[in-house]
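What follows is a single structure, written as structure tokens, with notes after it.
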Amino acid sequence: MITVDRLSVRFGSALAVREASFEVAKGESFGLVGESGSGKSTILRALTGLVDIAGGTMILDGEALGTKRSRRFHRVVQMVFQDPYGSLHPRHTIDRILSEPCAIHGLDRPEQRVLGALDDVGLGPSFRFRYPHQLSGGQRQRVAIARAIIAEPQILLLDEPTSALDVSIQAEVLNLLARLRRQRGLTYILVSHNLAVVAHMCERLAVMNRGEIVEQLTAADLHRREAGTEYTRLLMRASEGYDPALASL
Amino acid sequence: MSSPLLAIEGLNVSFETRKGLVRATRDVTWSMGREKIAIVGESGSGKSMSARAMLGLIQPPGRVEARRLEFDGIDLRGLRPKDWLAIRGRRISMVMQDPRYSLNPVMTVGRQIAEAYVIHHGATAAEARRRSLEMLSAVHIRDPERVFGAYPHEISGGMGQRVMIAMMLIPEPELLIADEPTSALDVTVQNQVLAIIDEMVTRRGMGLVFISHDLGLVSSFCDRVLIMYAGRVVEECAARDLHKASHPYTRGLLACQPRLGETTAELATLNRQAEWAR
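Each protein sequence line maps, in turn, to chains P and S.
Be aware that the first sequence starts at 1, since it is given in the working numbering, and climbs by one per residue.
Be aware that the second sequence starts at 250, since it is given in the working numbering, and climbs by one per residue.
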């Protein structure tokens with residue numbers, strides 16, 4: 001479904017992504033893990049055409065991606081961002097936020113679609129005419145997910161979708177994303193700094209460090225703590241809690 | 250037994266709003282010695298508000314009421330601004346969550362650290378500079394001279410957080426309040442920053458109030474944990490026994506986190522009960 005081959009992205013003189021290659025099959029959920037500045041979000045931005053690439057190729061559904069994205073691309077691929085406070089227009093009602101993708105793609109029955117999408121993300125019709133500031137962080141992220149799925153895409157790019165949320169709300173949003181994928185056969189690329197979240201949500205993942213993919217492994221490998229590189233093992237240990245022995249590294 | 254470093258009894262922080270009285274903390278009671286205590290809870294649980302009340306930082310229309318609010322035997326209730334100067338920043342200091350918003354962007358890092366020392370110790374500029382450089386090395390900054398002359402935007406987030414810790418520790422406080430000091434940092438950097446704080450607590454006998462939402466982190470880092478929900482302390486336990494916590498809210502928080510080594514189709518979610526908030 002998605003093939004990324006030796007992708008490089010340059011910001012000024014710095015290489016943000018260096019020759020990254022991976023493939024994601026249809027219906028699969030693939031994770032990109034790494035610390036800040038590792039290039040994981042930049043890969044998503046390159047896929048959606050938000051940043052220019054310096055080299056390599058990206059193929060989506062058999063079609064090579066150039067510098068411009070077609071309307072069909074946005075019908076197939078949608079994105080959910082990290083910050084539920086920054087990604088919804090503060091002066092648009094939820095109804096208007098959800099109607100916009102319907103108008104862009106010329107979809108029929110926009111009203112039913114808005115109500116259906118609200119229902120799919122567990123919000124219900126009472127939220128339709130509210131503004132984002134009247135919602136909690138978790139509710140806003142549900143609206144962002146509703147906006148992403150309303151045009152019935154096949155691929156969702158998820159950029160740290162739960163890092164701004166409390167753990168109990170994170171669990172609800174992750175369960176929602178897992179259910180939507182099951183019901184609709186969606187393909188996910190999930191970017192996160194949280195190894196446990198990625199191991200829970202994805203079948204396979206790539207670990208990134210300083211712009212490079214250092215290794216690819218399965219979630220089962222991660223659960224069994226069978227990592228092939230020193231860096232992944234370091235990340236695993238550091239994410240378990242405070243470990244004074246790691247501080248001197 | 251000597252008097253506790255900090256003693257809080259029946260602390261209520263409330264705000265008058267258009268929709269009526271909002272009670273940010275409700276009847277919060279706890280005390281601590283020179284140890285590492287954690288306050289955990291989700292957003293809106295009142296953990297940061299308890300910390301702000303300890304530093305006299307709740308501004309009107311916010312109201313602070315307590316039967317007892319004592320630091321080292323000093324009654325903090327109704328302290329005059331002049332008296333606060335001898336305590337806030339000097340004997341109790343606070344590290345905030347995000348160095349990007351808490352450092353002055355138009356002042357070099359060195360001047361900001363030295364300023365704290367000059368104000369609290371009446372030192373000369375040369376003395377303050379020497380101490381600041383020492384402090385920057387103490388928080389494991391490799392090139393203190395360069396960082397001393399740098400502006401906040403010229404240093405990384407992890408370094409900025411270390412700079413803030415240096416600034417807070419230079420007056421040698423007896424109590425450090427750290428409000429999510431590592432949530433903006435990568436896990437590997439987080440460990441380094443915690444090790445520095447740990448060292449200061451152990452070496453200088455400082456007390457630490459560590460505010461966090463990360464249960465795994467506090468159970469491995471602190472001595473004791475208070476769990477807050479809807480403004481109340483619902484449970485208190487030794488940090489190493491956190492996994493044996495009994496309150497359904499604490500149990501729920503522990504259960505809803507994905508964990509390496511545990512595969513489940515669906516994560517447990519929190520079923521909030523009205524009686525927890527009562």
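Where is the CB? At the ideal position from N, CA and C, for every residue including glycine.
Fair warning: this is a prediction, and the values are worked out from it, not measured in the lab.
- Item | Contact set for V298/S: own chain, Cβ-Cβ below 6 Å, skip 5 residues either direction | Sequence inspection shows Met at residue 298/S; the Val mentioned does not correspond to that position. Non-local beta-carbon contacts of M298/S in its own chain, meaning distances under 6 Å to residues more than five positions away in sequence, involve V262, A273 and T274 in chain order.
- Test: M250/S CB closer than 7 Å to a CB of chain P: Note on M250/S: pLDDT 47, under 50, position unreliable in the model; no value is reported.
- Query: In chain order, what residues of the segment 468 to 502 of chain S put their CB closer than 8 Å to some CB of chain P?
  - Reply: For the segment 468 to 502 of chain S, the residues whose beta carbon sits under 8 Å from a beta carbon of chain P are, in order, S468, S469, F470, G501 and L502.
- If you measure from the beta carbon of F264/S to each beta carbon in chain P, is any gap under 7 Å? At a cut-off of 7 Å between beta carbons, F264/S makes no contact with chain P.
- Would you say S386/S reaches chain P, if we count a Cβ-Cβ gap shorter than 7 Å as a contact? False, the Cβ-Cβ gap to chain P never drops below 7 Å.
- Item | Within the segment 114 to 161 of chain P, ranges of the beta strand (DSSP E) (whole runs, at least 3 residues) | Segments of the beta strand (DSSP E) lying fully in the segment 114 to 161 of chain P: 155 to 159.
- Task: Take L304/S as the anchor and find which of G406/S, P497/S, A335/S and W279/S has the nearest alpha-carbon.
- Result: Checking every option, the nearest Cα to that of L304/S belongs to A335/S.
- Task: Reducing DSSP to helix, strand and coil, say where S70/P ends up.
- Result: If DSSP states are grouped into helix, strand and coil, S70/P belongs with coil.
- Give me whichever residues DSSP pairs with A57/P in a beta bridge. The amino acid at residue 57/P is misidentified as Ala; the sequence shows Thr. DSSP, once it has assigned bridges, lists D5/P as partnering T57/P.
- Does DSSP classify A275/S as helix, strand or coil? For clarity, residue 275/S is Arg in the given sequence; the question names Ala instead. R275/S: strand per DSSP, three-state reduction.
- Query: So, using beta-carbon positions, are A16/P and G39/P closer together than 7 Å?
  - Reply: Taking 7 Å as the Cβ cut-off, A16/P and G39/P qualify as a contacting pair.
- If contact means a Cβ-Cβ distance below 7 Å, which residues of the segment 149 to 177 of chain P contact chain S? Hits within the stretch, in order: D166, V167, S168, A171, E172, L174 and N175.
- Of all the alpha helix (DSSP H) runs that stay within the bounds of the segment 155 to 241 of chain P, which reach a length of 4 or more residues? DSSP runs (the alpha helix (DSSP H)) wholly in the segment 155 to 241 of chain P: 167 to 184, 195 to 201, 219 to 223 and 230 to 238.
- Task: Could you tell me the boundaries of the alpha helix (DSSP H) in which K493/S lies?
- Result: It is not in any alpha helix (DSSP H) - K493/S carries neither H nor E in the DSSP assignment.
- Of all Cβ atoms in chain P, is any one closer than 7 Å to the Cβ of P310/S? Not a single CB atom of chain P sits nearer than 7 Å to the CB of P310/S.
- Along chain S, which residues have their Cβ under 8 Å away from the Cβ of S70/P? For the C-beta of S70/P, not a single chain S residue is nearer than 8 Å; the gap to the nearest is close to 36 Å.
- Out of curiosity, what's the CA-to-CA distance linking P354/S and H402/S? Answer to the nearest angstrom: the Cα atoms are 7 Å apart.
- Item | Simplified DSSP state of F30/P, which is helix, strand or coil | Per DSSP, reduced to three states, the secondary structure at F30/P is strand.
- Task: Please work out which residues of its chain come closer than 7 Å, Cβ to Cβ, to H259/P, disregarding the five sequence neighbours upstream and downstream, and give them in chain order.
- Result: Past the boundaries of the shown model lies residue 259/P; chain P is included only from 1 to 249, so the question cannot be answered.
- Query: Alpha carbon to alpha carbon, how far is D428/S from G62/P?
  - Reply: For D428/S and G62/P, the distance between alpha carbons rounds to 49 Å.
- Task: Give every residue of the same chain whose Cβ lies closer than 6 Å to the Cβ of E265/S, excluding the five residues on either side of it in the sequence, and list them in chain order.
- Result: For E265/S, where only same-chain residues beyond five positions count, the Cβ hits under 6 Å are P310.
- Query: I think I341/S touches P422/S, with their Cβ atoms under 8 Å apart; what is that distance to the nearest whole Å?
  - Reply: The beta-carbon separation of I341/S and P422/S, rounded to 6 Å, stays under the 8 Å limit for a contact.
- Task: State the Cα-Cα distance for the pair G398/S and V358/S, rounded to the nearest angstrom.
- Result: Going by C-alpha positions, G398/S is about 6 Å away from V358/S.
- Item | chain P within 7 Å of R508/S, Cβ atoms only | For R508/S, the answer is yes, since a Cβ of chain P falls inside 7 Å of its Cβ.
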